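Note sheet for the following structure.
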Amino acid sequence: MKLAPRLALLLAAAVVTATACAPQTSDDSSSGKDEKSGTLRVWLFQEVNNKPKEKVVDAVLAGFEKAHEDTEVTVEYIPVETRAQRIKAAFNDPASAPDVIEYGNTDTAGYVKDGGLLDVTEEFAAWDEAKDTDATARQSVTVDGKVYGAPYFVGVRALYYRTDVFDELGLKSPKSMDELAATAKRIRAEKPDLYGIAVGGAYTYGAMPFIWANGGELATGKGGSYASAIDSAAAREGIEAYTSLFGDDNCPAAKCAGMGGNDTVTAFASGKAAMAIGGDFSHQAVEAGEVKGAYAVVPLPGVEPGSIAPAFAGGNNIGVLRSTSHRTLAVDLMKRLASKEAQGDLFGAMGFLPTFTDVRQRVAAEEPFVKPFVDTLAAGTKFVPASAAWATIDSSQVLPTMFQEVVSGKKDVGAAAGDAAKKMDDAFGSAG
18 MKLAPRLALL LAAAVVTATA CAPQTSDDSS SGKDEKSGTL RVWLFQEVNN KPKEKVVDAV
78 LAGFEKAHED TEVTVEYIPV ETRAQRIKAA FNDPASAPDV IEYGNTDTAG YVKDGGLLDV
138 TEEFAAWDEA KDTDATARQS VTVDGKVYGA PYFVGVRALY YRTDVFDELG LKSPKSMDEL
198 AATAKRIRAE KPDLYGIAVG GAYTYGAMPF IWANGGELAT GKGGSYASAI DSAAAREGIE
258 AYTSLFGDDN CPAAKCAGMG GNDTVTAFAS GKAAMAIGGD FSHQAVEAGE VKGAYAVVPL
318 PGVEPGSIAP AFAGGNNIGV LRSTSHRTLA VDLMKRLASK EAQGDLFGAM GFLPTFTDVR
378 QRVAAEEPFV KPFVDTLAAG TKFVPASAAW ATIDSSQVLP TMFQEVVSGK KDVGAAAGDA
438 AKKMDDAFGS AG
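If you want the working numbering, it's the 1-based position in the sequence shown plus 17.
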């Protein structure tokens, strides 16, 4: 999707102006250098279909190289699955490290603790476009009040449902979590070959809205000091609401306890489920599936009828490594890659939602499928604790283990949540 020529020129001018007006900052890069020419290395994530992304990135790099004489940029697209090892190794080996990286927004705090990301607080504040960044996206690049990158795109989940099944059974899209559960069980009763709603015991980001909608939190605290709240009364209500969807009357535990987010979307896209919680980024997969033309999307309902459950605001950021010897150039490239124009083009190429509220509203007006996700974002989203401990909690499968223990009947909600809370607190304590 290309922006109108006049708008594209205005946006390009805004980037140049912001760059020219950037304050002279103290060079806190570990290299102690700020070279104004040479080669910059960039690592971006490899997508399933990467060619459209490459086209958008190549256009940004062409503009950058034109603006900066005697510079060139090399890009390597790295697998998401091995990003942790590659990026942490780069932190420890500046000679082979890139200058600019794409990274998952849940990785921010851990990378900052490792000393890998450059503090770009002053440059971000001086960037004219940054004022239109949504609050949660801004939070995802912020640790202890300092900014360590620019938001690149945001991902959020909503409720996909089969219009053909709902029409056949005379159903309407659910307006509350109670209605969601009742609707799922009615579908399963009348169509036992379908899951009413596909849910997964390993689908952490699909389960979180149930905790938040019931007033629970994952943890409390700030400034790097957190304590688990997963065993609070409100959080336990949310856990109960989510795990109640597992069973023969909806999604049998034997099949669904081990499912993750991709599994639930695949079940829906292949026609095996009447509903699923999927992201804006799931749209292409659903369109390519058996249910193409027979589904709709609405925000996931909250506890109160007509409300929207808070969703996890996922997505990626663009950051500069602290080891760069090209600080000024690298920060400019970061802003160009994450600019309004680039994010608009990235949406057109990949369907990734922009982090700028004005750009997001525009693409929502142009692409109807985006509206439920934009409405979800507008209703208020949540994020994981800004602690380096989150990477440990996530990789250790603390929350999926908790859900699976309840679903399998090994533990009740209180015992499973209590054990998960202890593991989380151990991780927070170790992170300092």
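Glycine included, every Cβ here is placed at the ideal spot set by N, Cα and C.
Note that the structure is a prediction, hence the values are computed from the model and not measured.
Item: Is the beta carbon of T237 less than 8 Å from the beta carbon of A246?; Value: yes
Item: With C-beta atoms as the reference, is T153 less than 8 Å away from F420?; Value: no
Item: CA-CA distance, V320 and Y212?; Value: 22 Å
Item: Looking at the unbroken beta strand (DSSP E) that takes in T372, where does it start and where does it end?; Value: No beta strand (DSSP E) contains T372, which DSSP labels as neither H nor E.
Item: Might you give, ordered along the chain, the residues of its own chain that have their beta carbon closer than 6 Å to the beta carbon of G232, omitting 5 neighbours on each side?; Value: A251
Item: On the three-state DSSP scale, how would you describe N66?; Value: coil
Item: Note the first and the last residue of the continuous alpha helix (DSSP H) segment covering T409.; Value: A406 to S412
Item: What residues in its chain sit with their C-beta under 7 Å from that of A258, if we drop five residues either side in the sequence?; Value: M194, F227 and N231
Item: Rank V77, V117, C273 and P316 by C-alpha distance to the C-alpha of I95 and give the top, closest one.; Value: V117
Item: Using DSSP with H/G/I as helix, E/B as strand and the rest coil, what is M292?; Value: strand
Item: By alpha-carbon positions, which one of S299, P115 and D181 ends up nearest to R100?; Value: P115
Item: In the DSSP assignment, what are the bridge partners of S242?; Value: K239
Item: Could you name the residues that DSSP lists as bridge partners for I325?; Value: P318
Item: Rounded to the nearest angstrom, what separates E304 and E89 at their Cα positions?; Value: 38 Å
Item: Considering just the uninterrupted stretch of the alpha helix (DSSP H) at Y128, what are its terminal residues?; Value: T125 to K130
Item: With H, G and I counted as helix, E and B as strand and the rest as coil, what does DSSP make of Y259?; Value: helix
Item: What are the start and end residues of the alpha helix (DSSP H) that includes V415?; Value: V415 to S425
Item: Taking the beta carbon of Q360 as the centre, do at least 16 other beta carbons fall within 10 Å, making it buried, or is it exposed?; Value: buried
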